[in-house]
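J.: Would you mind keeping the following structure in view while I ask a few things?
There are 2 protein chains.
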Amino acid sequence: MAKTSNFTYRSKYVVSINSSECVKKWEPIKNQNQKLGFTMWGHSFYESASRLLRKHPSVSKLLVVVTVSGGGLAAFHETTPVHTVYADSVQEDQIAKKKKVVVLGTGWAGVSFLKNLKSSNYDVEVVSPKNYFLFTPLLPSVTCGTVEARSIVEPIRCITKKKGLEVQFREAVCHKIDPKKKKVYCRSTQDTNLGGKHGEFSVDYDYLIIAMGAQSNTFNTPGVEQYAHFLKGIEDAMKIRQSVINCFERASLPCVSEEERKNILHFVCVGGGPAGVEFAAELHDFVKEDLAKLYPSVIDRVQITVIEASDHILNMFDKRITAFAEQKFSRDGIDVKTGSMVVKVTDKELSTKERATGKVSHLPYGMVLWATGIGPRPEVIDFMKQIGQSNRRVLATDEWLRVEGCDGVYALGDCATINQRRVMEDIVEIFRTADTDKSGTLNLEEFQEIMDDLVERYPQLELHLKSKQMRNIDELLEKSWQNPTAEVDIETFKSALSQADSQMKNLPATAQVAAQQGAYLANCFNRMEECEKYPEGPLRFRGVGRHCFQPFRYKHFGMFAPLGGEQTAAHLPGDWVSIGHSTQWLWYSVYASKLVSWRTRVLVVSDWGRRFVFGRDSSRL
Amino acid sequence: MAKTSNFTYRSKYVVSINSSECVKKWEPIKNQNQKLGFTMWGHSFYESASRLLRKHPSVSKLLVVVTVSGGGLAAFHETTPVHTVYADSVQEDQIAKKKKVVVLGTGWAGVSFLKNLKSSNYDVEVVSPKNYFLFTPLLPSVTCGTVEARSIVEPIRCITKKKGLEVQFREAVCHKIDPKKKKVYCRSTQDTNLGGKHGEFSVDYDYLIIAMGAQSNTFNTPGVEQYAHFLKGIEDAMKIRQSVINCFERASLPCVSEEERKNILHFVCVGGGPAGVEFAAELHDFVKEDLAKLYPSVIDRVQITVIEASDHILNMFDKRITAFAEQKFSRDGIDVKTGSMVVKVTDKELSTKERATGKVSHLPYGMVLWATGIGPRPEVIDFMKQIGQSNRRVLATDEWLRVEGCDGVYALGDCATINQRRVMEDIVEIFRTADTDKSGTLNLEEFQEIMDDLVERYPQLELHLKSKQMRNIDELLEKSWQNPTAEVDIETFKSALSQADSQMKNLPATAQVAAQQGAYLANCFNRMEECEKYPEGPLRFRGVGRHCFQPFRYKHFGMFAPLGGEQTAAHLPGDWVSIGHSTQWLWYSVYASKLVSWRTRVLVVSDWGRRFVFGRDSSRL
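Protein chains in written order, with the numbering used here: chain A, 9 to 629; chain B, 9 to 629.
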C-alpha cells in the first residue's frame, strides 16, 4: 500500500520539477510590491502591466494561468515574471503559512542544501559570517597563487538568485541556539555599534539547519593559535601566501646572518593529511618554478618539512599512494618526519616529540602551517552542552540528519556526525516486528518480509554481508533455514547479526559528504508534505508505520591528493588507484566541473592557464 | 668648438645605442661564476663552452669580439650570453670600480628609472617597502572589483630580471638619509626581530635616487587618519572594496533601523579630483550594475556624495569636461557639494563648513574616502630639515633632478618638485656671458649666439613667447635691433625678459611626470661617462663650459577622467577635449598598452572581459 502511494507521489513530483524548471529561466521581478509582472516586449510594456496589476490585483490569477501554461514559450521570450514558483502558492493564505527555515553556515553543506531546495513553500533565512561560498578543495592552490582567491568564491546572494530562491541572507555569527524557544541569537561580524544593540538580533525558526562547519584542532598545543597558520578559510590562504613571500623578503635583507636565513626559509607543515601534503607540494613547485628565478641568492637555503604523528603521510589513502607520495617528496627534497608530534610552538621554533622514543627536539622555522585536523566550533560545543551531548566530540544526529531531542533541528557537514543506530540495540524490536504470527520464532517468509527494510535502516548490514562475501541477508541465517519450514529463535537471530555493528564507520569530514548531505536534506524538504502523507522510508521497528524518508546514504566518488610537479594521486571507487600526470588532468577536469558557477569555472581555468604562461605572482599583497 | 665636440659625441652615442640594443635581446647567464658563455645550439654546448671558459679564461676576450661583432645574428639565434653590456666593461678592474646607485621607492619614478637603466656600469640596490610596482591609474577600478588587485601589480624582481639588470632588492623602509656620509638607514617592513638588530641596516651609495612618492594629505583634519579611507596603495583599494560590501551587509541586518540603514549606505568622497571622481563613478556603476540585483531590499537607500572645497569638481581639467562631469553626476544621482570643506570626521558623521557662509553642517556616513591631495612623507620631511629645506612644502631639485647641496642625490616623482631657475636671478650673468666683446652692450649677433642655450636653460621663456604669440626669442628685443648694428644695454635686456618668470609652473604630481623623470634620469646615468667628456647641455651662465645634460623637459600626453557608465573624458595635448563612449575605448587601449608587463596586460584585459560577462564580485574578501 505504502509502496503504491509512494509511486503515485513520485510521478506527481516529476511534474512539479518540470514546471519549476520552466520558471527557473525567468528572472524574479525587482519591485517587490507587485505580485506578478512580465516584460515580453520591453520595459514600457512591463511598466504598464505592473501598473495595471497594482490597480486590479484580481487580474493576477488569470495571468498566472496564462504564464504557467505558456511557460516554455514565455521563457523563450525572456519573460520576467513571478516571485513564487508554484502557481497555487500565490494564494495569500498559503504565503502566511510558510514554514521558516534558518540555515546556519554557507559551506558545502549549507550551500548544497540551498542549491537543491526547490520548493518555495519555505521562508528561508541564511545566517553566516561569510557572505560567500568557498570551494575548499582548491584552497591549497591559493596559498601559493596557483589560483587566485576570488576565483574560488561565489557570493551566496548570486547562488540563491540564480536558483530563483527568495532567501534572506544575514552576514552574522550565530552565537547561541535555543531549541526550546526555537530561536537563534546572532551577532553582526562587523565591529560596529548598530542600533544600540551591538549588532545583535534573534531569528525564529520552524526548521533549523546547522551547517556551521568546524575549526582547526590545535589539541591545546601551546603557541599554535598564536604563531601557526591554519588553512580553513580564504583569508588563511591569503595570509599564508603573504607569509611565504615575507620569508623570502626577510631572508634577502643584508642584516640577516646565514644561520637566520636558513631558519627563515624553513617552511614547516604540521600534519601529513591531504591539506598539509598538498600545501607542501604547492610550495615546493612555487619555490622551484617561480621563486628560484627571482631570489637566486637565497634559494639554496629553502627547506620544506612535513611533520606527521603517525607512521605515514596520507594514511587515509591506499598504501600505494602513500608510498608514491613519500618517494616523490624524498626526491623533491621535502623532509617528511613521521612518528613525530609537535608539543609546543614559539615565535621562532617548534618542539617535536618522537612518538617511539619520547625524545624532544627543537626545530627553528620561518613559517608553520598547522593542518592536523578539525574540532567543533565553540557555538556548537555550547549547543551540545544544552542538549546533553557534552560528552561527545562532535554533534550527533540520526540517519536522517536530525539532532535527537530537538524538534526541527538538523545538523550536517563537518559540524556533525551521524550516530548510526546499532542493530543489537533494536534486535528485540526487530524480531518482534518480523514475527508477524507472534509465534516467538521466525520462519524464512517472515524474515524475507522485513529484509529490505532491515538493510535500509541499518546500512552496516550491507557492509557486513560484503565483508563475509554474501550476496543476500538471508545467507546469514542460511543454515537455520535449509529446511524452508524451519523456525529461528531470538538467540540464533541475535548471534547471526551480532557482528554486523562492527562494520559501522563514521563518515569522513569531507566536502563530498557535506555536499551529499545538503542535497539529501533539501530533497527531503522539497518533498516534506508528500512524504508525510506517503512515507517512503523503512519500517519503524521501535514505532509503528514507516519512516517518512529513506535515511541518508553516502556514495563515495573517490579522493584526490595532488603531489606537485603536475602529478596527482587518486583513490577511486572500487579500490582503483591512479597516479601521475594523467591523474592531474583528471583532477583539473573534475575540479573545474565541480566549481559552483560558470564565473568561478572560467576564472579558475584561466588562472591555471595564466600560471602556465606567466608563472605565479610573487607580489606581497 | 663645444658644438662640434657635442656633435662628435652624439654620433658616437648612436653607435653605442645600437650595439646595446642588440645586446638587450640576450638573456643574462644564470651561472654567475662565469664571465661569458652562450648556448647557440642547446644546453650541452652551453655547458661544455662554460667548462672551457672556466679552464681557459683568456678565451673569453676572443669570444667577446666574436659575440659583439656577430651581435645581430647571434640575437636572432636566441643566444644567451654576457652579463655586462659593453664589451670593454668586462675587464675585472672596471667591475671593481662600479659606482653604487641606491634607488628608494618602486613607484612610477623608481621603476621607470630601473626599466630605462641600460648600463651595467652601476651596482644597483633598490630599497622599498613594497616588493612590487603598482599601476596606479587603475587603482580606482580595484575599489569596486572592476579590475583585480593582482592584475595591476608586478614584482620588482620580475621587472629587473626581464631587463637583465643585476639589481639587489630590499623590502624595507628607508627611515633616514645621511647625505654627508652618503648612507641611507633602512628598517625591514616586517615586525620581526632580525639578527638582534630589529631588521635595521644601512646602505652606502655613490648616487641616491629618492623616489619615495607622497602620502595622502589630511590637512590635519581631526578624525581623518582614524576613520577615513585613503586611495594611495593597493591595500587601500582592497580595504575600500571590503568596506563597501561591509556597508551593504550591515544595512541588510534586521537589527538596523531605517534611519541607520540610510546612513550606513551613504558613501562620501572628500575631494573632487580625478581619483575621487573616478571612485564615485565606479561605485555608482557597481551599485547600479551589480549590487542592485543582489541587495534589492536596501538599494534605494544608497547615496553617493562628492565634497569639493573649490567651486567645481575636476578643476584641473577643461571647463567643458567639468561641466559634463557635473551634469552626468547629477543625472546619475551622485550628489556634488562644491564650496564645502570637511573640518572634522567622527566614527559616524563628518562636519562640513561652507566656504562662502561659514555654515557648519553634519553629515552621517557609512564609508568615507579622503582624496584631497598629497603631502610629503615623514622621511622626506626629515631629510628636507637636514638639508635646509624645512621651509618648503616639497623636496626641491634643480632642472637636472639633483637635490641642491647634496652630492649625488637625485629626487623625482611625487616626493619632489623642480625648483625652476628664474631668468631674473641670473640676468646679470646671462648678459655678461652674451657680451663676448665686453662692450657692456649686446648686439643682435651676440644675442643670437646664446639664444638656443637661453631657451634650453630657462623653459619658461618658451612659454612666455607662446603667450605673446612670438615665434622667436629675438622678437622680444625686436625694436632695439631694428637697426642690425644697434646695441642693447642691460636695463633694456632686463625689462624685455622681466615677465618671462611669471610663466613658471610646477609640474603636476602625476604618473606621467614621474615616469618621464625616471626615464630621463636613467638616460643621463646611461651616458654619464660620455656626457662628462662631451657635455651636451646648455651653456652655464653662472659657471664655465656647458652643463653635462640637457635639463628635464616634461611632455604632456593628456589626461583622462573616467566618469562611469562606459564614458570617459579626456583632455589631450593641443587643448583637445574628447568625451563619451569612444573616449572610454581610447582609455581602455591606452591603459592596456601602458601596463608594465604582458602578464598584467593580459590580466587587466581579461578582468574587463570578466566584468562585462559576469559582473563584479561582491564576496567580502
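Where a beta carbon is used, it is the ideal one built from N, C-alpha and C, also for glycine.
If I follow the unbroken beta strand (DSSP E) through B/Val-585, where does it start and stop?
T.: It spans 584–588 - the beta strand (DSSP E) in which B/Val-585 sits, taken as one unbroken run.
J.: With distances taken Cα to Cα, identify the nearest neighbour of A/Ser-503 among A/Arg-554, A/Phe-439, A/Lys-126 and A/Met-536.
T.: Measuring from the Cα of A/Ser-503, the nearest candidate turns out to be A/Phe-439.
J.: May I ask you to list, following chain order, the residues of the stretch 130–154 of chain A that have a beta carbon less than 7 Å from some beta carbon of chain B?
T.: So the close ones are Asn-139 and Tyr-140.
J.: For chain A, find out if any of its Cβ atoms is closer than 8 Å to the Cβ of B/Gln-198; answer yes or no.
T.: So, interface residue.
J.: Count the other C-beta atoms from every protein chain shown that fall within 10 angstroms of the C-beta of A/Lys-336, then say buried if there are 16 or more, exposed otherwise.
T.: Label assigned to A/Lys-336: buried.
J.: Report the partner residues of A/Phe-177 according to the DSSP bridge assignment.
T.: Bridge partners of A/Phe-177: A/Val-134.
J.: What are the residues that DSSP puts in a beta bridge with A/Ile-312?
T.: Paired residue(s): A/Phe-275.
J.: Does the stretch 150–160 of chain B come close enough to the stretch 593–602 of chain B that 3 or more CB-CB pairs lie under 8 Å?
T.: Because the criterion of three Cβ pairs below 8 Å is not met, the stretch 593–602 of chain B and the stretch 150–160 of chain B do not touch.
J.: Just to confirm the assignment: which complete beta strand (DSSP E) runs, minimum length 3, are found wholly within the stretch 142–227 of chain B?
T.: If we require 3 residues or more, the beta strand (DSSP E) runs fully inside the stretch 142–227 of chain B come out as 161–163, 175–186, 191–196, 208–212 and 215–218.
J.: Which bits of chain B does A/Cys-182 rub up against, with CB to CB less than 7 Å?
T.: Result: empty, since nearest Cβ-Cβ is about 13 Å, beyond 7 Å.
J.: Any Cβ of chain A within less than 8 Å of the Cβ of B/Arg-628?
T.: Closer than 8 Å: yes.
J.: Please confirm if B/Glu-179 has its CB atom under 8 Å from at least one CB of chain A.
T.: So yes, B/Glu-179 belongs to the interface.
J.: Since B/Met-349 contacts B/Arg-328 with CB under 8 Å, what's their CB separation in whole angstroms?
T.: Going by Cβ atoms, the distance from B/Met-349 to B/Arg-328 rounds to 26 Å, so no, they are not a contact pair.
J.: Just the chain A side, please: which residues come within less than 9 Å of B/Asp-293 by C-beta, in chain order?
T.: The contacting residues do not exist; B/Asp-293 stays about 17 Å from chain A at best.
J.: Using only the alpha-carbon positions, how far apart do B/Gly-623 and B/Glu-297 sit?
T.: Distance between the alpha carbons of B/Gly-623 and B/Glu-297: 8 Å.
J.: Check whether the Cβ of B/Ala-283 sits closer than 7 Å to any heavy atom of the ligand PLP, and report yes or no.
T.: With respect to the ligand PLP, the structure shown offers nothing to examine, as it has no ligands at all.
J.: Going along the stretch 246–279 of chain B in order, which residues come within less than 8 Å of chain A, judged by CB to CB distance?
T.: So the close ones are Met-246, Ile-253, Asn-254, Glu-257, Arg-258, Ser-260, Leu-261, Pro-262, Cys-263, Val-264, Ser-265 and Glu-268.
J.: Ends of the beta strand (DSSP E) at A/Thr-405?
T.: Element bounds for A/Thr-405: 403–405.
J.: What do you get for B/Val-621, buried or exposed, if any count of 16 or more other CB atoms within 10 angstroms of its CB means buried?
T.: With fewer than 16 Cβ atoms within 10 Å of its Cβ, B/Val-621 is classed as exposed.
J.: Please state the DSSP three-state secondary structure of B/Ser-369.
T.: Looking at B/Ser-369 - three-state DSSP - the assignment turns out to be strand.
J.: What's the gap between the Cα of A/Asp-434 and the Cα of A/Met-478?
T.: Near 23 Å, if we compare the C-alpha coordinates of A/Met-478 and A/Asp-434.
J.: Could you please give me the residues that DSSP links to A/Ile-426 through a beta bridge?
T.: Partner(s): A/Thr-405.
J.: Determine, using beta carbons only, whether A/Ile-321 and A/Val-278 come nearer to each other than 8 Å.
T.: No; because the gap between Cβ atoms is not below 8 Å, this pair is not in contact.
J.: Could you please give the first and the last residue of the uninterrupted beta strand (DSSP E) stretch that includes A/Pro-570?
T.: It spans 567–572 - the beta strand (DSSP E) in which A/Pro-570 sits, taken as one unbroken run.
J.: On the DSSP letters alone, give me the boundaries of the beta strand (DSSP E) that A/Thr-346 sits inside.
T.: Run containing A/Thr-346: 343–346, per the beta strand (DSSP E) assignment.
J.: B/Ala-157 CB to nearest chain A CB: under 8 Å?
T.: Chain A, which has a Cβ nearer than 8 Å to the Cβ of B/Ala-157, makes this yes.
J.: Which class does B/Glu-362 belong to by DSSP, given the choice of helix, strand or coil?
T.: Strand.
J.: List the residues of chain A whose Cβ lies closer than 8 Å to the Cβ of B/Glu-483, in chain order.
T.: In chain order: nothing, as chain A lies at least about 54 Å away.
J.: Just checking, does the stretch 258–277 of chain A make contact with the stretch 171–182 of chain B on the three C-beta pairs under 8 Å criterion?
T.: These segments touch.
J.: Exposed or buried, which one is B/Arg-165 when buried takes at least 16 other CB atoms within 10 Å?
T.: Buried: at least 16 other Cβ atoms inside 10 Å.
J.: Starting from B/Tyr-528 and walking both ways along the alpha helix (DSSP H), at which residues does that stretch end?
T.: B/Tyr-528 -> alpha helix (DSSP H) spans 519–534.
J.: Determine, using beta carbons only, whether B/Tyr-130 and B/Phe-557 come nearer to each other than 8 Å.
T.: No, the Cβ-Cβ distance between B/Tyr-130 and B/Phe-557 is not below 8 Å.
J.: Give me the DSSP bridge partner(s) of B/Arg-410.
T.: According to DSSP, B/Arg-410 bridges with B/Tyr-418.
J.: Is the separation between the beta-carbon of A/Leu-122 and that of A/Thr-168 shorter than 8 Å?
T.: Yes, Cβ-Cβ distance for A/Leu-122 and A/Thr-168 is below 8 Å.
J.: Quick one: residues in its chain with C-beta nearer than 6 Å to the C-beta of B/Gly-207, no 5 flanking neighbours on either side, listed in chain order?
T.: If we look at B/Gly-207 and ignore the five residues flanking it on each side, its Cβ neighbours are Arg-195 and Ser-196.
J.: Interface residues of chain A around B/Val-376 at Cβ under 7 Å?
T.: Those do not exist, as B/Val-376 stays about 14 Å from chain A at its closest Cβ, beyond 7 Å.
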